Each structure stands twice: as C-alpha cells, then as structure tokens.
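There are 2 protein chains.
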Amino acid sequence: MKLPVSTEWLLHCAATLAQLEPGASASAAQLARYFDLPAAYLAKQLQELVKAGVLTATTGPRGGFRLARPASEITLLRIVEAVDGTAGPYECREIRQQGRGALPPEQCQNTCILAEKMAEAHEAWRRSLAGVSLADIIATLPATTPARTRSRLT
Amino acid sequence: MKLPVSTEWLLHCAATLAQLEPGASASAAQLARYFDLPAAYLAKQLQELVKAGVLTATTGPRGGFRLARPASEITLLRIVEAVDGTAGPYECREIRQQGRGALPPEQCQNTCILAEKMAEAHEAWRRSLAGVSLADIIATLPATTPARTRSRLT
Ligand code: FES
Ligand code: FES
Numbered sequence: 069m070k071l072p073v074s075t076e077w078l079l080h081c082a083a084t085l086a087q088l089e090p091g092a093s094a095s096a097a098q099l100a101r102y103f104d105l106p107a108a109y110l111a112k113q114l115q116e117l118v119k120a121g122v123l124t125a126t127t128g129p130r131g132g133f134r135l136a137r138p139a140s141e142i143t144l145l146r147i148v149e150a151v152d153g154t155a156g157p158y159e160c161r162e163i164r165q166q167g168r169g170a171l172p173p174e175q176c177q178n179t180c181i182l183a184e185k186m187a188e189a190h191e192a193w194r195r196s197l198a199g200v201s202l203a204d205i206i207a208t209l210p211a212t213t214p215a216r217t218r219s220r221l222t
Numbered sequence: 069m070k071l072p073v074s075t076e077w078l079l080h081c082a083a084t085l086a087q088l089e090p091g092a093s094a095s096a097a098q099l100a101r102y103f104d105l106p107a108a109y110l111a112k113q114l115q116e117l118v119k120a121g122v123l124t125a126t127t128g129p130r131g132g133f134r135l136a137r138p139a140s141e142i143t144l145l146r147i148v149e150a151v152d153g154t155a156g157p158y159e160c161r162e163i164r165q166q167g168r169g170a171l172p173p174e175q176c177q178n179t180c181i182l183a184e185k186m187a188e189a190h191e192a193w194r195r196s197l198a199g200v201s202l203a204d205i206i207a208t209l210p211a212t213t214p215a216r217t218r219s220r221l222t
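If you want it as structure tokens, here you go:
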C-alpha cells in the first residue's frame, strides 16, 4: 500500500503556508520553486486542498493560496485524505459468501470480523493523524524557521 | 493506498486453517474451492505465508498447509505484512532538502517532523493489527463454525 508521492508535497506546502504572515498567500509557482516541484501538477494538487477546505485560492496579481482556517484546525489527516481519499487500504469483497464454504446471507448481516479488525486498524491510523495539526508541526520548528521560509518563498 | 486483493484471501485461509483439528492440513486446491479462488495464484500466495513462518507446507499425498505455530501467536499484522511487506504507505523523499527552500544537510540529521508523524500513524495501525491473533478471531465465531468449516473443506 502506498500513498501518492504528492502527499509529501502537500503536507510540506500546507506547513509552509502556515508560516506566512496572517493574510499573506503564496502562488503555486512560488511553492514549486521552493521545493523544486513540477508547477502545473502541483497547482492541480493544491486545488484538491482548496476543495477539501484546507486552503483558499485568492485571485489577482498578488493571488495565490493561503490556509482556509487556523493552523490549529488543520490536521494532517485532513491533508492526507484530501490527497488520497478517505477509503481504508483494505477491501473486503465478501469472500465468506463464495465457494464451497459460502455462508448463507442471513449469517452475513454483520461485517465480517476480519474486515472489522482491518477497519479498526485504519481508524487507529486516522486517529493518530487527526491528533496532529499544522500548528503542532510549526511549534516544533526552530524559532528562526518561519522568517527564513518567508524570505525564500519568492 | 490499497492492500492487495489477496490480503483478504490469506486472512481467511489462515483463519480457516486455524479451525482444523491439531495436525490436520488443507491443500491449496481445497482452500481455493472453499473460497472459489484461482488455485495456482492462491498456492503462490500461501507460500508467502510459509516464508513468513505463519504456515508450514507438508508434502505427500495428504500434504498441504497448516499453521506453523499456535493460533494465539499468529497476529493479523504478521499475515498482512507477509502479503504486503512491512513498509509504511508514506514515502519521504526529503523534499525539505531540494529547491529554493532547501535546508542544509546539518539541519536534516533528524527525521523530518512530517515523516515522523506519518510513521507514528503507521505504528498505530501496526499496533492495532498486532493486538489481534487468529485465536481471537476464532473465539468470535459461533461454536458450530469449525465443524462446518472442516466438513466443507473437501
Ligand atoms: S468476507 Fe471480507 S474480510 Fe471476511
Ligand atoms: S522531507 Fe519528507 S516528509 Fe519532510
């Protein structure tokens, strides 16, 4: 199981935007230069974060992207699920209902215990990522980092 | 991120073998009929469980597969990682070290905080699956299930 390569891009772009002055924004081109990423593809991915309510896109000559809400309210889960969707990695195709061992439908009204345990593991993963916000991430950075970030975002 | 379709097959095959009488085994062909799965491909996948120490392959006319250890010592994690490997879904390609924002190598001796948080989430997932054994799964089945399973595994 693999998350898309762009997951790392968007986590870092969101963490970068969380270091701007209030009200400031950065364009896809600026972010692409900052991380040496393909600008057009990055721009498309940033739009996914807009759709997910993580970023706001502003237009005009100084337009770009900024956080749509306080950094403390944007969790890593929200960013990761904006990139990859909310489905868990395990797919149950109800194999308990096929073949010589097939269980009758009336014994399959509850979720299969194996699918249930796989779903619980996915929930543990989600809870872990839901417990970390961009504000938590920024709080771990050296105090000088945000000023450096802003100065290099050109 | 997706786990292979065969993850469901092998979880169910292992749970099926956990319902046999001590010392009994079942062949790939029997398991394939039981779940209506492609026998040759299933046989290959079962060999992965042998390599992982979950199953033992026995040879001879009544040969087949059986659990390599007590069901209480075989966790869902072990089965899932035998199928899909142990790598987490998130790949850090060190984008913090590239582009205009590149951090100098001396500031990158620790794992990036974002990669660290993604790894923590993967560990939460692993812990969840490591906490469930095949014995736990079998204990949730109706008391009549193992006899039915054995009688249909022909
Ligand atoms: S039937 Fe799908 S996990 Fe059991
Ligand atoms: S450099 Fe890879 S997650 Fe930060």
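Chains as they are written, first to last, in our numbering: chain A, 69 to 222; chain B, 69 to 222.
Even for Gly, the Cβ is constructed at its ideal location relative to N, Cα and C.
Owing to the predicted nature of the structure, the values given are computational and were not obtained by experimental measurement.
Residues Leu85, Leu88, Gly91, Ala92, Ser93, Ala94, Leu123, Thr124 and Thr126 of the same chain have their beta carbon placed closer than 8 Å to that of Arg134(B), with the five preceding and five following residues left out of the count. When DSSP states are grouped into helix, strand and coil, Leu123(A) belongs to the strand group. With a threshold of 9 Å between beta carbons, Tyr102(A) makes contact with chain B. With respect to Gly156(B), Tyr102(A) sits apart: the two C-beta atoms are not nearer than 9 Å. A distance below 7 Å between beta-carbons, with the five flanking residues on each side excluded, links Asp152(B) to the following residues of its chain, in chain order: Leu71, Pro72 and Thr75.
By the beta-carbon neighbour count (other beta carbons within 10 angstroms, threshold 16), Gly169(A) is buried.
Between Leu114(B) and Leu78(B), the gap from beta carbon to beta carbon is short of 9 Å. With a threshold of 9 Å between beta carbons, Ser196(A) makes contact with chain B.
Under the three-state reduction of DSSP, Thr143(A) is assigned to strand. For the options Arg164(A), Pro138(A) and Ala82(A), the alpha carbon positioned closest to that of Gly132(A) is the one of Ala82(A).
From the listed residues Ala183(A), Asp204(A) and Arg137(A), the smallest Cα separation to Tyr158(A) is found for Ala183(A). Shown here, Leu78(B) sits in a helix according to DSSP, grouped into three states. Secondary structure at Ala187(A): helix, using DSSP grouped into helix, strand and coil. Taken through DSSP and simplified to helix, strand or coil, Arg218(B) comes out as helix.
Per the C-alpha coordinates, the member of Gly199(A), Ile206(A), Glu116(A) and His190(A) positioned closest to Ala139(A) is Ile206(A).
Here the distance from the Cβ of His190(B) to the nearest heavy atom of ligand 1 is not below 8 Å. A distance criterion of 8 Å places the beta-carbon of Gln113(B) beyond contact range of ligand 2, judged by its closest non-hydrogen atom. Of all alpha-carbon atoms in Ala97(B), Ala96(B), Arg137(B) and Ala107(B), the one lying nearest the alpha-carbon of Leu202(B) is that of Arg137(B).
In this structure, DSSP gives Leu135(B) an extended state, which the three-state scheme calls strand. Within the segment 72-86 of chain B, those residues whose Cβ lies closer than 8 Å to any Cβ of chain A are, in chain order, Val73, Thr75, Glu76, Trp77, Leu79, His80, Ala83 and Thr84.
When beta bridges are read from the DSSP output, Ser201(A) appears opposite Thr143(A). Annotation for Arg164(B): no alpha helix (DSSP H) segment contains it, and DSSP assigns it neither H nor E. A direct Cα-to-Cα measurement between Ala97(A) and Ala215(A) gives close to 20 Å. Shown here for Glu116(B): same chain residues with a beta carbon closer than 8 Å to its own, the five before and five after excluded, namely Leu78, Ala150 and Val151 in chain order. Using a Cβ-Cβ cut-off of 9 Å, Cys160(A) counts as an interface residue toward chain B, since at least one Cβ of chain B sits closer than that to its own.
Identification of residues in the segment 104-119 of chain A having a C-beta nearer than 8 Å to some C-beta of chain B yields Asp104 and Leu105, given in sequence order.
In this structure, the beta-carbon distance from Arg194(B) to Ala189(A) falls below 9 Å. Excluding its 5 nearest sequence neighbours in each direction, Pro173(B) has C-beta neighbours in its own chain below 8 Å: Gln165, listed in chain order. Around Glu188(B), the beta-carbon contacts reaching into chain A at under 7 Å are Ser196.
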